[in-house]
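A.B. asks:
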Amino acid sequence: MHYDVIIVGAGPAGTVAAFECNSRGLSTLLLEKHSLPRDKPCGGAVMYHGLRLLNGELPKSVVERCIYGLRFIFPGNNQAEFISDKMIGVTVFRSRFDEYLARRAERSGVELREAARVTKAAVSEECAEVVLEDGTHFTSEFLIGADGVNSIVSRELGLRPKRKDLTKVGLGMEADFLVGEEGVMQATGDNPSVLEIIPAEDRISYGWVFPKREHLAIGVAGAGNQMSALRPLFDSFVRKTELRTGVDLIPDSKRTYFLGGDGLGSRNVSVRSILIGDAAGFVDPMMGEGIAYAMQSGVFAAEVIAEASMNEKHDEETLSRYQQKCADEFAANFAMAGWAGSKGASFAESMLSKISGHKLASDIMAMVARGEIGYAGIPPFVLRKLPRSLPGIIRHAVRSRVSNQSRKPS
Ligand SMILES: Cc1cc2nc3c(=O)[nH]c(=O)nc-3n(C[C@H](O)[C@H](O)[C@H](O)COP(=O)(O)OP(=O)(O)OC[C@H]3O[C@@H](n4cnc5c(N)ncnc54)[C@H](O)[C@@H]3O)c2cc1C
4 MHYDVIIVGA
14 GPAGTVAAFE
24 CNSRGLSTLL
34 LEKHSLPRDK
44 PCGGAVMYHG
54 LRLLNGELPK
64 SVVERCIYGL
74 RFIFPGNNQA
84 EFISDKMIGV
94 TVFRSRFDEY
104 LARRAERSGV
114 ELREAARVTK
124 AAVSEECAEV
134 VLEDGTHFTS
144 EFLIGADGVN
154 SIVSRELGLR
164 PKRKDLTKVG
174 LGMEADFLVG
184 EEGVMQATGD
194 NPSVLEIIPA
204 EDRISYGWVF
214 PKREHLAIGV
224 AGAGNQMSAL
234 RPLFDSFVRK
244 TELRTGVDLI
254 PDSKRTYFLG
264 GDGLGSRNVS
274 VRSILIGDAA
284 GFVDPMMGEG
294 IAYAMQSGVF
304 AAEVIAEASM
314 NEKHDEETLS
324 RYQQKCADEF
334 AANFAMAGWA
344 GSKGASFAES
354 MLSKISGHKL
364 ASDIMAMVAR
374 GEIGYAGIPP
384 FVLRKLPRSL
394 PGIIRHAVRS
404 RVSNQSRKPS
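With the working numbering applied, the sequence shown covers 4 to 413.
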């Protein structure tokens with residue numbers, strides 16, 4: 004069978020790209036190696052800048068919790084909190100979220116094949132081709148590699164080395180803990196709409212506690228080449244969380260997985276093909292947030308391929324517009340996140356605790372999470388708001404300084 008587009012992988016990147024390709028009139032085949040629903044190791048926090056690409060379509064049954072804020076808990080137990088009156092994201096179980104996106108694509112007319120593992124992929128001047136484990140093969144005008152961080156498409160097309168470069172990917176371990184609604188309320192101080200992020204003292208890793216309806220998603224992650232002691236790190240993080248919250252934590256099952264990579268520093272396009280999502284390496288280098296970037300890169304790939312198809316162009320230069328769109332949208336965020344991440348927990352603490360709870364800071368956090376501004380848009384936004392906000396900021400800084408001093412032992 005011959006298609007306009009074949010997409011390998013039905014995660015957030017592939018399912019959104021499939022929906023968008025199909026809605027632009029391209030015949031689209033989506034291949035997924037598992038039967039759905041399938042699970043994916045993930046904290047399950049989907050930020051609003053990804054959700055908005057679904058035009059508010061996400062059903063309530065897929066949403067575990069609506070999220071309105073972030074709380075950073077530093078090694079000495081100091082906290083910085085930013086809570087908005089606008090929703091900044093949701094928590095989900097990836098099995099349900101990803102299946103919803105796949106069925107949405109299927110309902111729109113995409114041909115979805117489950118239990119279809121791609122073992123070979125190739126592109127030439129004439130066409131793109133993939134071969135499944137059982138020998139079935141398909142051809143297309145364009146190929147999208149959306150097959151995650153261990154992408155076979157990226158390696159088959161020579162866009163990534165056969166062996167993973169651990170300096171360029173992260174590594175994480177996570178688990179869902181069934182604690183009941185009461186446990187979620189107790190662990191979150193009766194506010195289950197806040198994501199907790201806990202930077203580690205050693206500056207190479209961080210942990211998280213994300214509230215779901217009856218579960219807590221808890222995990223740790225850090226640079227791939229520095230996470231050899233992942234299991235003890237995870238176990239000790241869970242023990243500390245147990246002590247801090249007073250909630251007994253017994254994991255459903257622990258899962259380890261690689262995170263993203265150097266998406267903007269790598270080649271993601273060749274003749275007739277584009278890599279998206281984790282296959283391309285589009286993950287925030289500080290927090291490991293990748294779902295929204297995966298979805299956005301899926302939209303960009305569909306836009307570029309639809310235009311190339313209309314103009315009957317399949318060359319790398321034409322498709323490179325995709326890389327440019329991703330750079331324009333993601334570069335400032337990734338650069339700022341990489342810089343802040345490299346500074347470590349004490350830097351984050353000294354910066355964030357000064358502005359904790361301030362309305363302007365919470366508004367900015369919400370706007371970034373909602374995709375209304377990027378990190379690069381923060382300084383001009385602050386400058387515009389500053390004259391009106393200055394008296395409040397000074398009052399806030401004085402108050403937090405006084406309360407910090409009164410907390411210090413004499
Ligand atoms: C521990 C951990 C916690 C995380 N927490 C968060 C979080 O809370 N929020 C967030 O935004 N991001 C988080 N991330 C990152 C996020 O999970 C990824 O960025 C996101 O899943 C990328 O989506 P994707 O569609 O590109 O890839 P994936 O979700 O990995 O989907 C790829 C799909 O391709 C399929 N596939 C693979 N190979 C083949 C093949 N050969 N043939 C056919 N199909 C194939 C897979 O089965 C899979 O369904 C986390 C990552 C980790 C490791």
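Backbone N, C-alpha and C fix where the C-beta goes; we use that ideal spot for every residue, glycine too. A quick note: this is a predicted structure, and the numbers were derived from the prediction, not measured.
Can you tell me the Cβ-Cβ gap for ALA282 and ALA149, rounded? I've got them flagged as a contact below 8 Å.
C.D. replies: Here residue 282 refers to the residue found at position 279 when the sequence shown is read from its first residue. Here residue 149 refers to the residue found at position 146 when the sequence shown is read from its first residue. That belief holds up - the Cβ atoms of ALA282 and ALA149 are roughly 6 Å apart, short of 8 Å.
A.B. asks: Give the range of the beta strand (DSSP E) segment to which VAL11 is assigned.
C.D. replies: Locating residue 11 in the sequence shown gives position 8, where the first residue counts as 1. 5-11 is the extent of the beta strand (DSSP E) around VAL11.
A.B. asks: Apply the 10 Å Cβ neighbour rule to SER127 and answer buried if 16 or more other Cβ atoms are within range, or exposed otherwise.
C.D. replies: On the sequence shown, position 124 is the one that residue 127 refers to. Counting Cβ neighbours within 10 Å, SER127 comes out exposed, since fewer than 16 surround it.
A.B. asks: Between the Cα of ASP238 and those of ASN228, ALA226, GLN229 and SER256, spot the shortest distance and give me the residue it belongs to.
C.D. replies: As a working note, residue 238 is residue 235 in the sequence shown. For ASP238, the nearest C-alpha among the options comes from SER256.
A.B. asks: What whole-angstrom Cβ distance do LEU363 and LYS388 have, given they're in contact under 8 Å?
C.D. replies: Within the sequence shown, numbered from 1, the residue matching residue 363 stands at position 360. Within the sequence shown, numbered from 1, the residue matching residue 388 stands at position 385. Contact flag correct, Cβ pair sits at about 6 Å.
A.B. asks: Just checking my contact of PHE96 with GLU60 at CB under 8 Å: how many whole Å lie between their CB atoms?
C.D. replies: Residue 96 sits at position 93 when you count from the first residue of the sequence shown. Residue 60 sits at position 57 when you count from the first residue of the sequence shown. About 18 Å; that fails the 8 Å criterion.
A.B. asks: Rounded to whole angstroms, what is the Cα-Cα separation between VAL11 and LYS123?
C.D. replies: Counting from one through the sequence shown, the residue named residue 11 turns up at place 8. Counting from one through the sequence shown, the residue named residue 123 turns up at place 120. Using only the alpha carbons, I get a separation of about 11 Å.
A.B. asks: To the nearest angstrom, how far is the alpha carbon of PHE75 from that of GLU84?
C.D. replies: The residue you call residue 75 lines up with position 72 of the sequence shown. The residue you call residue 84 lines up with position 81 of the sequence shown. Going from the Cα of PHE75 to the Cα of GLU84 covers about 6 Å.
A.B. asks: How is TYR71 classed by DSSP in three states: helix, strand or coil?
C.D. replies: Counting from 1 along the sequence shown, the entry for residue 71 is found at position 68. Three-state result, TYR71: coil.
A.B. asks: State the DSSP-derived secondary structure class of THR170, mapped to helix, strand or coil.
C.D. replies: Here residue 170 refers to the residue found at position 167 of the sequence shown. Coil.
A.B. asks: Considering only residues of the same chain and omitting the five flanking positions on each side of LYS411, which have a CB-CB separation below 6 Å?
C.D. replies: Numbered from its first residue, the sequence shown carries residue 411 at position 408. Per-residue confidence for LYS411 stands at a pLDDT of 47, beneath the threshold of 50, marking its modelled position as unreliable; the derived number appears in the next sentence. Counting only Cβ-Cβ distances below 6 Å, and skipping sequence neighbours, we find nothing.
A.B. asks: From the DSSP output, in three-state form, read off GLY210 for me.
C.D. replies: Looking up residue 210 in the sequence shown gives position 207. Strand.
A.B. asks: Return the first residue and the last residue of the beta strand (DSSP E) that TYR51 is part of.
C.D. replies: The residue labelled residue 51 in the question sits at position 48 within the sequence shown. Following the DSSP letters along the chain, one finds TYR51 in no beta strand (DSSP E) but inside the alpha helix (DSSP H) bounded by residues 51-54.
A.B. asks: Consult DSSP for LEU95 and reduce its assignment to one of helix, strand or coil.
C.D. replies: Taking the first residue of the sequence shown as 1, we reach residue 95 at position 92. Per the sequence shown, the amino acid found at residue 95 is Val instead of Leu. Correct three-state label for VAL95: coil.
A.B. asks: Thinking C-alpha only, which one of ARG107, ARG275, ASN25 and LEU29 is nearest LEU146?
C.D. replies: Translated into positions along the sequence shown, residue 146 becomes position 143. When each option's Cα is compared against that of LEU146, the closest is ARG275.
A.B. asks: Suppose you measure from the CA of ARG41 to the CA of ALA48; what does that come to, to the nearest Å?
C.D. replies: Looking up residue 41 in the sequence shown gives position 38. Looking up residue 48 in the sequence shown gives position 45. Taking the straight line joining both Cα atoms gives about 17 Å.
A.B. asks: Leaving out five residues on either side along the sequence, give the residues of the same chain with a beta carbon under 7 Å from the beta carbon of SER273.
C.D. replies: The residue you call residue 273 lines up with position 270 of the sequence shown. So the qualifying residues of the chain are VAL126, LEU160, LEU162 and GLU319.
A.B. asks: For GLU422 and GLY17, I'd like the C-alpha separation in whole angstroms.
C.D. replies: Outside the displayed range of the chain (4 to 413) lies residue 422, so it cannot be described from this structure.
A.B. asks: How would you label SER300, buried or exposed, when you count the other beta carbons within 10 angstroms and need 16 or more for buried?
C.D. replies: Counted from its first residue, the sequence shown places residue 300 at position 297. Buried.
A.B. asks: From ASP366 to MET339, what distance separates their C-alpha atoms?
C.D. replies: Taking the first residue of the sequence shown as 1, we reach residue 366 at position 363. Taking the first residue of the sequence shown as 1, we reach residue 339 at position 336. Cα to Cα, the separation comes out at about 18 Å.
A.B. asks: What does DSSP give as the partner residue(s) for LEU181 in the beta ladder?
C.D. replies: Translated into positions along the sequence shown, residue 181 becomes position 178. Residue pairing by DSSP puts LEU181 in a beta bridge opposite HIS218.
A.B. asks: What do you reckon, are the CB atoms on TYR6 and SER26 nearer than 8 Å?
C.D. replies: Position 3 of the sequence shown holds residue 6. Position 23 of the sequence shown holds residue 26. Their beta carbons are not under 8 Å apart, which means TYR6 does not touch SER26 by this criterion.
A.B. asks: Give a yes or no on whether the C-beta atoms belonging to ALA297 and HIS52 are separated by under 8 Å.
C.D. replies: Stepping through the sequence shown from its first residue, residue 297 is reached at position 294. Stepping through the sequence shown from its first residue, residue 52 is reached at position 49. Contact flag unset, no.
A.B. asks: What number of angstroms, rounded off, separates the C-alpha of GLY14 from the C-alpha of VAL302?
C.D. replies: Within the sequence shown, numbered from 1, the residue matching residue 14 stands at position 11. Within the sequence shown, numbered from 1, the residue matching residue 302 stands at position 299. Those two C-alpha atoms are separated by around 13 Å.
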